[in-house]
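One structure is given here, and the rest of the page talks about it.
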Amino acid sequence: MKLIFEKSIESRTAVLPPKTDVPDHFSIKAQLLRDKSAELPQLSELDVVRHFTELSRRNFGVDTNFYPLGSCTMKYNPKVAERIAAYPGFAHLHPLMPQLRRGGMLTQGALQVIYETDIMLREITGMARFTMQPLAGAHGELTGVMIIAAYHRDRGNKKTTILIPDSAHGTNPASAAIAGYDVLSVPSDKNGVMDIDALRKMVNEQTAGVMLTCPNTLGIFNPHVKDICDIIHSVDGLAYYDGANLNAIVGKVRPGELGFDIVHLNLHKTFATPHGGGGPGAGPVGVVEKLVDFLPVSLVEKRDDGTFVLEYNRPKSIGYVAPFYGNFGIILRAFVYILMLGKQGLRRVAENSVLNANYIKKKLENYYDLPFPGICKHECVFSAARQIKNGVHALDIAKSLIDAGFHPPTIYFPAIVKEALMIEPTETESKETIDAFVSAMIAIAKKTETDPHQLQGAPKSTPVSRLDETRAAKLLDIASIDRFF
Ligand SMILES: *Cc1c(COP(=O)(O)O)cnc(C)c1O
-8 MKLIFEKSIE
2 SRTAVLPPKT
12 DVPDHFSIKA
22 QLLRDKSAEL
32 PQLSELDVVR
42 HFTELSRRNF
52 GVDTNFYPLG
62 SCTMKYNPKV
72 AERIAAYPGF
82 AHLHPLMPQL
92 RRGGMLTQGA
102 LQVIYETDIM
112 LREITGMARF
122 TMQPLAGAHG
132 ELTGVMIIAA
142 YHRDRGNKKT
152 TILIPDSAHG
162 TNPASAAIAG
172 YDVLSVPSDK
182 NGVMDIDALR
192 KMVNEQTAGV
202 MLTCPNTLGI
212 FNPHVKDICD
222 IIHSVDGLAY
232 YDGANLNAIV
242 GKVRPGELGF
252 DIVHLNLHKT
262 FATPHGGGGP
272 GAGPVGVVEK
282 LVDFLPVSLV
292 EKRDDGTFVL
302 EYNRPKSIGY
312 VAPFYGNFGI
322 ILRAFVYILM
332 LGKQGLRRVA
342 ENSVLNANYI
352 KKKLENYYDL
362 PFPGICKHEC
372 VFSAARQIKN
382 GVHALDIAKS
392 LIDAGFHPPT
402 IYFPAIVKEA
412 LMIEPTETES
422 KETIDAFVSA
432 MIAIAKKTET
442 DPHQLQGAPK
452 STPVSRLDET
462 RAAKLLDIAS
472 IDRFF
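Okay, so the sequence shown: first residue is -8 according to the numbering used here, each after it adds one.
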């Protein structure tokens, strides 16, 4: 494909601007004009439409095909939420518009959405109050750990360590370290969950808290989760629940009832708002009653007359964590999604996401190694250990799936599984789609034995084949892209 400038043809145009009616004496003086004309491609409207349509078709997204990227919950984002988020009354709001006086009624609806989303998330998680400000899951974690620190400071506790299982998402130790804690990694037991005996030995007066993902990144629910919270509480530590992937338990179990004190949720995973490409997200953080005072400023409060205001008078707060009130458009989409599904609908999310993951696990168990057999929750983790005997790695399997039309699963994570392939189908996929994916995975497993070279050369169907992914992301060189076409 040619770059847009290479398609340019002298004096071709898509618009015919009217002749200028600006009198001559208003024209810009010659010495103020740039010496070269502004270089714009000269194209017809059809050229432009084709160029951008072509580019858009190179994009892979949930709207194009199955996207089983483990731990990312790439579920379908219903279009009704997009439609409502685009209503001018929401989309054109400015965060500096008044809350009440002079035109304040224009912002009351948005404040109500934030307030009521908070109430629904409390109901879902068993927490006492949420901040809707954090802009991503990792940002929610940092906010949560800052709240842990504020709690201990307030009580005069001298605590220095946070315990995190070795299967954790990398953002957990990063967030704890940025908040100033030493991170201790707790090993997993033979069932793939945090080893409770190891935890018992590691907990002491220095322990500020634990950060736990449950079900964890292997898709396994830790049966000792309540005991873990009790152990942490016995030294006045706090239990943090990484609820980025609440899909498996939403509507079924409340982290608050398991003993957790702080929860973050990824609205851009479980609650069907768009993500990917580093786009806007939202990682609201909920806390139990004893931690509400430490939540960031501001919080939306409802007054006796039914109006909503932003409350800033919070002396024990950790302060601001985001400009204005976070990614409102994302919160709004989650609000629509939760209302649309209701209690029963959210339960079915959990049931179907778990069913789909177990279906894939069962269908593929004869073809790929399963380091932790047995029932999983929302995702299942295979290992390509068997395939590497023929020189085929998890990376080759992932790239071959692209040629079959599927987005690859997450690979090489969690790090405790060798050659990991982490598959999360989500609840929104049909049996037909999942069966097609399973067939592709089986075909790849068979090809490993007959033609491993083909897999090692994949993908072949894309504009560019194998890239150094780190360099491609960090040193993106758009100008040289045409070399690949
Ligand atoms: C995605 C994820 C996070 C981080 O969320 P971001 O929005 O990407 O910052 C944290 N923990 C788990 C388990 C996740 O899957």
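By construction, the Cβ of each residue, glycine as well, lies at the ideal position given by its N, Cα and C atoms.
Checklist entry - Name the DSSP bridge partner or partners of residue 371? => result 414
Next on the checklist: Counting beta carbon pairs with one atom in the segment 354 to 368 and one in the segment 412 to 432, are three or more of them shorter than 8 Å?
Outcome noted: Contact between the segment 412 to 432 and the segment 354 to 368 is present, because at least three Cβ pairs lie under 8 Å.
Item to check | Contacting residues, own chain, Cβ-Cβ under 6 Å from residue 327 (five flanking each side not counted) | outcome: 72 and 75
Checklist entry - If residue 208 and residue 176 are in contact, beta carbons under 8 Å, what's the gap, nearest whole angstrom? => result The Cβ separation is near 14 Å, so there is no contact.
Checklist entry - Rounded to a whole number of angstroms, what is the C-alpha to C-alpha distance between residue 304 and residue 108? => result 22 Å
Checklist entry - Near residue 0, which residues of its chain fall below 8 Å by C-beta distance, leaving aside the five closest residues on each side in sequence? => result 33 and 34
Checklist entry - What residue range is occupied by the uninterrupted beta strand (DSSP E) comprising residue 96? => result Per DSSP, residue 96 belongs to no beta strand (DSSP E); it is in the alpha helix (DSSP H), 96 to 116.
Next on the checklist: Out of 363, -5 and 126, which one is the CA nearest neighbour of residue 314?
Outcome noted: 126
Checklist entry - In terms of DSSP beta bridges, what is residue 230 paired with? => result 201
Checklist entry - How big is the Cα-Cα spacing for residue 476 and residue -7? => result Unreliable placement is indicated for residue 476, whose pLDDT of 43 sits below 50; the coordinate value is still reported in the next sentence. Cα to Cα, the separation comes out at about 8 Å.
Checklist entry - Three-state secondary structure (DSSP) at residue 366? => result Per DSSP, reduced to three states, the secondary structure at residue 366 is coil, with no helix or strand assignment.
Checklist entry - Would you call residue 62 buried or exposed, if buried means 16 or more other Cβ atoms sit within 10 Å of its Cβ? => result buried
Next on the checklist: If you reduce the DSSP assignment to three classes, tell me which class residue 150 lands in.
Outcome noted: Residue state, collapsed to three classes: coil.
Next on the checklist: The alpha helix (DSSP H) that contains residue 212, what's its start and end?
Outcome noted: It is not in any alpha helix (DSSP H) - residue 212 carries neither H nor E in the DSSP assignment.
Checklist entry - For the candidate residues 104, 261 and 58, whose alpha-carbon lies nearest to that of residue 242? => result 261
Checklist entry - So who's on the other strand from residue 292, going by DSSP bridges? => result 300
Checklist entry - Closest by CA to residue 57, which one among 459, 414, 382 and 206? => result 414
Checklist entry - Among 446, 205 and 256, which residue has its Cα nearest to the Cα of residue 321? => result 256
Checklist entry - Quick one: what does DSSP say residue 254 is sitting in, helix, strand or coil? => result strand
Next on the checklist: I need the DSSP call for residue 421, collapsed to helix, strand or coil.
Outcome noted: DSSP places residue 421 in coil when its eight states are reduced to three.
Checklist entry - Out of curiosity, what's the CA-to-CA distance linking residue 188 and residue 277? => result 29 Å
Checklist entry - From what residue to what residue does the beta strand (DSSP E) around residue 277 run? => result For residue 277, the enclosing beta strand (DSSP E) begins and ends at 276 to 278.
Checklist entry - Is any heavy atom of ligand 1 found at a distance shorter than 7 Å from the C-beta of residue 66? => result Not one heavy atom of ligand 1 sits closer than 7 Å to the Cβ of residue 66.
Checklist entry - Anyone know if the C-beta pair for residue 408 and residue 369 falls short of 8 Å? => result no
Checklist entry - Do you know how far the Cα of residue 235 is from the Cα of residue 113? => result 15 Å
Checklist entry - How close, in whole Å, do the beta carbons of residue 367 and residue 348 come, if the pair is a contact with beta carbons under 8 Å? => result Contact annotation, residue 367 with residue 348: C-beta distance approximately 5 Å; criterion of less than 8 Å satisfied.
Checklist entry - Count the other CB atoms within 10 Å of the CB of residue 421; is the residue buried (16 or more) or exposed (fewer)? => result exposed
Checklist entry - To which residues of the same chain is residue 223 closer than 6 Å at the C-beta, ignoring the five residues directly before and after it? => result Beyond the five residues adjoining it in sequence on each side, residue 223 comes within less than 6 Å, by CB distance, of 201 and 230 in the same chain, given in chain order.
Checklist entry - Sorry if obvious, but does the Cβ on residue 371 come closer than 7 Å to a heavy atom of ligand 1? => result Distances from the CB of residue 371 to the heavy atoms of ligand 1 are all 7 Å or more.
Checklist entry - How about residue 155 and residue 165: are their beta carbons less than 8 Å apart? => result no
Checklist entry - Can we count residue 367 as close to ligand 1, meaning its CB is less than 7 Å from some heavy atom? => result no
Checklist entry - Apart from the five residues just before and just after residue 196, which ones in its own chain have a Cβ nearer than 7 Å to its Cβ? => result Cβ neighbours of residue 196 beyond the five flanking positions: 226.
Next on the checklist: Give me the residue from 436, 137 and 264 with the minimum Cα distance to residue 310.
Outcome noted: Comparing Cα-Cα distances from residue 310 to each of 436, 137 and 264, the minimum goes to 137.
Item to check | Extent of the continuous beta strand (DSSP E) to which residue 176 belongs | outcome: 173 to 177
Checklist entry - With respect to 7 Å, is the separation between the Cβ of residue 63 and the closest non-hydrogen atom of ligand 1 below this value? => result Result yes, Cβ under 7 Å from ligand 1.
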